[in-house]
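Protein chains: 2
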Amino acid sequence: MKVKKVPDIGIIREAAARIQGLVHNTPVLTSETINQIIKAKIFFKCENFQKAGAFKSRGACNTVFSLPDDVLKYGVATHSSGNHAQALARAANLRNIKSFIVMPGNAPQVKINAVRQYNGEITFCKPTLAAREATLKDILQKTSATEIHSYNDYRIIAGQATAAKEIFEKVKDLDIIMAPVGGGGLLSGTALSTRYLSPGTKVIAAEPANADDAYRSFYQGRLIPSVNPDTIADGLLTSLGSLTYPIIRQFVDEIVTVSEENIIKAMFMIWERMKIIIEPSAAVTLGALLENKLNIKNKRIAIIISGGNIDLQKIPWINK
Amino acid sequence: MKVKKVPDIGIIREAAARIQGLVHNTPVLTSETINQIIKAKIFFKCENFQKAGAFKSRGACNTVFSLPDDVLKYGVATHSSGNHAQALARAANLRNIKSFIVMPGNAPQVKINAVRQYNGEITFCKPTLAAREATLKDILQKTSATEIHSYNDYRIIAGQATAAKEIFEKVKDLDIIMAPVGGGGLLSGTALSTRYLSPGTKVIAAEPANADDAYRSFYQGRLIPSVNPDTIADGLLTSLGSLTYPIIRQFVDEIVTVSEENIIKAMFMIWERMKIIIEPSAAVTLGALLENKLNIKNKRIAIIISGGNIDLQKIPWINK
Numbered sequence: 317m318k319v320k321k322v323p324d325i326g327i328i329r330e331a332a333a334r335i336q337g338l339v340h341n342t343p344v345l346t347s348e349t350i351n352q353i354i355k356a357k358i359f360f361k362c363e364n365f366q367k368a369g370a371f372k373s374r375g376a377c378n379t380v381f382s383l384p385d386d387v388l389k390y391g392v393a394t395h396s397s398g399n400h401a402q403a404l405a406r407a408a409n410l411r412n413i414k415s416f417i418v419m420p421g422n423a424p425q426v427k428i429n430a431v432r433q434y435n436g437e438i439t440f441c442k443p444t445l446a447a448r449e450a451t452l453k454d455i456l457q458k459t460s461a462t463e464i465h466s467y468n469d470y471r472i473i474a475g476q477a478t479a480a481k482e483i484f485e486k487v488k489d490l491d492i493i494m495a496p497v498g499g500g501g502l503l504s505g506t507a508l509s510t511r512y513l514s515p516g517t518k519v520i521a522a523e524p525a526n527a528d529d530a531y532r533s534f535y536q537g538r539l540i541p542s543v544n545p546d547t548i549a550d551g552l553l554t555s556l557g558s559l560t561y562p563i564i565r566q567f568v569d570e571i572v573t574v575s576e577e578n579i580i581k582a583m584f585m586i587w588e589r590m591k592i593i594i595e596p597s598a599a600v601t602l603g604a605l606l607e608n609k610l611n612i613k614n615k616r617i618a619i620i621i622s623g624g625n626i627d628l629q630k631i632p633w634i635n636k
Numbered sequence: 317m318k319v320k321k322v323p324d325i326g327i328i329r330e331a332a333a334r335i336q337g338l339v340h341n342t343p344v345l346t347s348e349t350i351n352q353i354i355k356a357k358i359f360f361k362c363e364n365f366q367k368a369g370a371f372k373s374r375g376a377c378n379t380v381f382s383l384p385d386d387v388l389k390y391g392v393a394t395h396s397s398g399n400h401a402q403a404l405a406r407a408a409n410l411r412n413i414k415s416f417i418v419m420p421g422n423a424p425q426v427k428i429n430a431v432r433q434y435n436g437e438i439t440f441c442k443p444t445l446a447a448r449e450a451t452l453k454d455i456l457q458k459t460s461a462t463e464i465h466s467y468n469d470y471r472i473i474a475g476q477a478t479a480a481k482e483i484f485e486k487v488k489d490l491d492i493i494m495a496p497v498g499g500g501g502l503l504s505g506t507a508l509s510t511r512y513l514s515p516g517t518k519v520i521a522a523e524p525a526n527a528d529d530a531y532r533s534f535y536q537g538r539l540i541p542s543v544n545p546d547t548i549a550d551g552l553l554t555s556l557g558s559l560t561y562p563i564i565r566q567f568v569d570e571i572v573t574v575s576e577e578n579i580i581k582a583m584f585m586i587w588e589r590m591k592i593i594i595e596p597s598a599a600v601t602l603g604a605l606l607e608n609k610l611n612i613k614n615k616r617i618a619i620i621i622s623g624g625n626i627d628l629q630k631i632p633w634i635n636k
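Heads up: the sequence lines are chains H and A, in that order.
The numbering of the first sequence is this note's numbering, which starts it at 317 and goes up by one.
The numbering of the second sequence is this note's numbering, which starts it at 317 and goes up by one.
(1) Hey, quick one: how far does the alpha helix (DSSP H) through H/K518 stretch, first residue to last?
(2) Does H/G501 have its Cβ less than 8 Å from a Cβ in chain A?
(3) Leaving out five residues on either side along the sequence, give the residues of the same chain with a beta carbon under 7 Å from the beta carbon of A/R565.
(4) According to the Cβ coordinates, are H/E607 and H/V574 closer than 8 Å?
(5) Could you list the residues in the stretch 496-530 of chain H with a C-beta less than 7 Å from some C-beta on chain A, going in chain order?
(6) Just checking: is the beta-carbon of H/G369 within a distance shorter than 8 Å of some beta-carbon in chain A?
(7) Have a look at H/C377 and H/P343 and give me their C-alpha separation to the nearest angstrom.
(8) Beta-carbon of A/E588 versus every beta-carbon of chain H: anything under 8 Å?
(9) Taking all protein chains shown into account, decide if H/D469 is buried (16 or more other Cβ within 10 angstroms of its Cβ) or exposed.
(10) Report yes if the C-beta distance between H/I464 and H/L404 is below 8 Å; otherwise report no.
(11) If we ignore side chains and look at the alpha-carbon of each, how far apart do H/D386 and H/L410 end up?
(12) Using a beta-carbon distance below 8 Å, is A/K591 in contact with chain H?
(13) Would you call the CB atoms of H/A479 and H/R374 closer than 8 Å?
(14) Between A/A370, A/P424 and A/K414, which has its C-alpha nearest A/N399's C-alpha?
(15) Applying a beta-carbon distance threshold of less than 8 Å, which residues of chain H neighbour A/Q629?
(16) A/N364 versus chain H: which residues are under 7 Å apart at the beta carbon?
(17) Whose C-alpha, out of A/A446, A/T510 and A/T394, is nearest the C-alpha of A/A461?
(18) Using DSSP bridges, identify the partner residues of H/H395.
(19) Counting only runs that start and end within the stretch 519-588 of chain A, where is the beta strand (DSSP E) found for 3 or more residues in a row?
(20) Starting from the Cα of A/I413, find the closest Cα among A/L383, A/I354 and A/I353 and give me that residue.
(21) Which word fits A/D529, buried or exposed, when buried means at least 16 other C-beta atoms lie within 10 angstroms of its C-beta?
(22) Exposed or buried, what is H/P323 when buried is set at 16 or more other beta-carbons lying within 10 Å of its beta-carbon?
(23) Within the chosen definition, does the stretch 512-529 of chain H reach the stretch 482-494 of chain H through at least 3 CB pairs nearer than 8 Å?
(24) Closest by CA to H/I353, which one among H/I563, H/G624 and H/K581?
(25) Just tell me which of H/L502, H/A521, H/C362 and H/P496 has its CA closest to the CA of H/D569.
(26) From the DSSP secondary-structure annotation, give me the bridge partner or partners of A/K361.
(27) Applying the 10 Å Cβ sphere with the 16-neighbour rule, what's the burial state of A/W587?
(28) Below 8 Å on C-beta distance, what does A/G624 contact in chain H?
(29) CA-CA distance, H/K442 and H/S542?
(30) Going by other Cβ atoms of all chains shown within 10 Å of its Cβ, with 16 needed for buried, is H/N611 buried or exposed?
(31) Write down the C-beta distance between H/A495 and H/T601 rounded to the nearest angstrom, noting that I regard them as a contact closer than 8 Å.
(32) Going along chain H, which residues have a C-beta under 8 Å from A/F584?
(33) Distance check for H/K630 and A/L445, CA to CA, integer angstroms please.
(34) Out of H/N351, H/E523 and H/S555, point me to the one whose CA is closest to H/Y467's CA.
(35) What does DSSP give as the partner residue(s) for A/F440 in the beta ladder?
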């Protein structure tokens, strides 16, 4: 069963009500030092403090908790090496249903442990998209579980949209709201909430230059898949989807690309100045401001810090 | 001019009023996962989010902003390689007076930069206590500045006491409150606030086993200086002072020692589970709970996370 309608504000409000108590209304933090460096007023929405360590818990909870009774008994399934795997396993565990997670054999141990902690049943496969899809297809046939795609699903998008909704409830008169873009679930949800709740606020997405499929799709006006992306922002390797792309094309104002150097520089700056741990994918937005391509002087800017799941044995600025 | 009286609750309340707006009332965070691991309910008071990155801003602001007019014009001075240096430079800068900071030549660049950012005038010396004291004496003579000791001063102690006061205002029915102990400024302040505001709460201090002068002083009943301490908790190398020791001896219930292994384990746990950056000295308290020496099952425990200033190039669990 797929939802066929782009989420309107009523659907986003329903999502917010549905996931209340299941996820955190995460804090919005500021840093005087970073404001001085960037010469703007930045409000960081800290989804690194979200349940399971990333915004993905919003969409996963919204989807799992809106499943009709007849699918509950077969559970849910997905392929993911990242934050969606943990978030879906956690949501299913809360709902008391099974979750089947296809993960590449080279997934970090910390992510495997997290999925297991939430009673997710893991099937390992080769680390290629083809192998992941084939293995998932097999699992779906064997179990009759419902596939929950990590971003190309309106229920997921409505769930991710609640992060921006919470920002607008807390911070007024924002000139700009920024989110990173991978598959586009967070970005399309953010764009929808902004259109409904703060239409005067510009939506700007940031993407690694080394994985710039959304940038090229947006400006060339057609969905271009990601080919051999190679970036430290491992949450942003995926391509836009058939549902996320049209929303982004219509409601996002700008997409900017960011060098690996500035992603790492921004991540270091947030760790050092704000004393919070964010993953590389979450640093791409501040990285975009460091690139100096945007006119942001004295602007009020919300940035969604997408997650904090990083292998603490592998810090990007430390060469082992 | 030295204050001669152990701070009573009125003096601690005055300190809280004086530093309001100059320092943060930092958040109290919890982690379900850590509660499950420790089998207790822990409330982390996050002084890593404090101005200048540590609780030291409380004592420094209280002291600098209570200075009488006649000493203002000569400024303040101290020797410190750590958080007190930054905190004092910042407080003096806010008060528009000069600060003279004696630092060992091997102090981390990040701390030197922080002092300079607050217009502190740095004098470098050899990295020995004797050299630091001699250099400071020289500076005091040359400048007529007022020495502000990092912990052995009742105004500093009253300032540090405000952290526990904020905890008791936010969290009720605490069985235990814990702080790390180095020179004893934070611990003695914490003990005083607890005696006045929550006398039924036990005060337990944690100290690295490799720098256990407070532990030995406390249980042997005499002030024993620290000799060649060697611990990763670089904020806890100092010895108790003539003012902090008697307060600790009278009002602290227990001091426990912690292995280097458990300090690092606790630090990693907080980084990974809570997504916040804390310095090694701030991990000694949770490390003490990991040692399993204390009877804490199902207890409600406040832990003061003392600071978050760490050289991010040197992560203890990563061998370069």
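We treat Cβ as the ideally placed atom computed from N, Cα and C, and that holds for glycine.
On the basis of the coordinates in this document:
(1) For the purposes of this step, residue 518 of chain H is taken as the residue at position 202 of the first sequence. First-last for H/K518: K518 to P524, but that is the beta strand (DSSP E), not the alpha helix (DSSP H).
(2) Within the first sequence, the letter at position 185 stands for residue 501 of chain H. Chain A, which has no Cβ nearer than 8 Å to the Cβ of H/G501, makes this no.
(3) Position 249 of the second sequence, counted from the first residue, corresponds to residue 565 of chain A. So the qualifying residues of the chain are F534.
(4) Start at 1 with the first residue of the first sequence, and residue 607 of chain H comes out as number 291. Start at 1 with the first residue of the first sequence, and residue 574 of chain H comes out as number 258. Result yes, Cβ atoms of H/E607 and H/V574 sit closer than 8 Å.
(5) The residues in question: there are none.
(6) In the first sequence, counting from the first residue as 1, residue 369 of chain H sits at position 53. H/G369 counts as touching chain A.
(7) Taking the first sequence and counting its residues from 1, one reaches residue 377 of chain H at position 61. Taking the first sequence and counting its residues from 1, one reaches residue 343 of chain H at position 27. Going by the C-alpha atoms only, they are around 19 Å apart.
(8) Counting from 1 along the second sequence, the entry for residue 588 of chain A is found at position 272. Taking Cβ atoms only, chain H reaches closer than 8 Å to A/E588, which makes this a yes.
(9) Stepping through the first sequence from its first residue, residue 469 of chain H is reached at position 153. The residue is buried, with at least 16 neighbouring Cβ atoms inside 10 Å.
(10) Here residue 464 of chain H corresponds to residue number 148 of the first sequence, with the count starting at 1. Here residue 404 of chain H corresponds to residue number 88 of the first sequence, with the count starting at 1. In this structure, H/I464 sits near H/L404, with a CB-CB distance shorter than 8 Å.
(11) Within the first sequence, the letter at position 70 stands for residue 386 of chain H. Within the first sequence, the letter at position 94 stands for residue 410 of chain H. Cα-Cα distance, rounded: 17 Å.
(12) Numbered from its first residue, the second sequence carries residue 591 of chain A at position 275. Yes, its Cβ sits closer than 8 Å to a Cβ of chain H.
(13) Walking along the first sequence from the start, residue 479 of chain H turns up at place 163. Walking along the first sequence from the start, residue 374 of chain H turns up at place 58. Yes, Cβ-Cβ distance for H/A479 and H/R374 is below 8 Å.
(14) The residue labelled residue 399 of chain A in the question sits at position 83 within the second sequence. When A/A370, A/P424 and A/K414 are compared, the shortest CA-CA separation from A/N399 is found for A/A370.
(15) Here residue 629 of chain A is taken as the residue at index 313 of the second sequence, counted from 1. Those within 8 Å of A/Q629 in chain H are W633 and I634.
(16) Here residue 364 of chain A corresponds to residue number 48 of the second sequence, with the count starting at 1. Residues of chain H passing the Cβ test: K591.
(17) Sequence index remark: in the second sequence, residue 461 of chain A carries index 145 (1-based). Residue A/T394 is the option with its Cα nearest to A/A461.
(18) By 1-based counting over the first sequence, the position of residue 395 of chain H is 79. Looking at the DSSP assignment, H/H395 forms a beta bridge with H/V418.
(19) The qualifying runs are 570-574.
(20) What you label residue 413 of chain A is simply residue 97 of the second sequence in a count that begins at 1. Looking only at A/L383, A/I354 and A/I353, the smallest Cα-Cα distance to A/I413 is reached by A/L383.
(21) Start at 1 with the first residue of the second sequence, and residue 529 of chain A comes out as number 213. With a 10 Å radius around the Cβ and a threshold of 16 neighbouring Cβ atoms, A/D529 comes out buried.
(22) Counting from one through the first sequence, the residue named residue 323 of chain H turns up at place 7. Its Cβ being crowded by 16 or more others within 10 Å, H/P323 is buried.
(23) Three or more beta-carbon pairs separated by less than 8 Å link the stretch 512-529 of chain H to the stretch 482-494 of chain H, which places the two stretches in contact.
(24) The residue you call residue 353 of chain H lines up with position 37 of the first sequence. Between H/I353 and the set H/I563, H/G624 and H/K581, the nearest pair of CA atoms involves H/K581.
(25) For the purposes of this step, residue 569 of chain H is taken as the residue at position 253 of the first sequence. Residue H/A521 is the option with its Cα nearest to H/D569.
(26) Taking the first residue of the second sequence as position 1, residue 361 of chain A is located at position 45. The partner list for A/K361 (beta bridge, DSSP) reads A/V344 and A/I620.
(27) Against the second sequence, residue 587 of chain A aligns to sequence position 271. The residue is buried, with at least 16 neighbouring Cβ atoms inside 10 Å.
(28) Within the second sequence, residue 624 of chain A is the residue found at index 308, counting from 1. Residues of chain H passing the Cβ test: K591.
(29) Your numbering for residue 442 of chain H matches position 126 in the first sequence. Your numbering for residue 542 of chain H matches position 226 in the first sequence. When rounded, the distance between both Cα atoms is 19 Å.
(30) As a working mapping, residue 611 of chain H is identified with position 295 in the first sequence. Here H/N611 is exposed. Its C-beta has fewer than 16 other C-beta atoms within 10 Å.
(31) Along the first sequence, one-based indexing puts residue 495 of chain H at 179. Along the first sequence, one-based indexing puts residue 601 of chain H at 285. So it is a contact: roughly 7 Å between Cβ atoms.
(32) By 1-based counting over the second sequence, the position of residue 584 of chain A is 268. Result: L628.
(33) Against the second sequence, residue 445 of chain A aligns to sequence position 129. Against the first sequence, residue 630 of chain H aligns to sequence position 314. Spanning the alpha carbons of A/L445 and H/K630 requires a straight line of approximately 36 Å.
(34) Translated into the one-based positions of the first sequence, residue 467 of chain H becomes position 151. Selected option, being the one with the closest Cα: H/S555.
(35) Numbered from its first residue, the second sequence carries residue 440 of chain A at position 124. Answer is A/M419.
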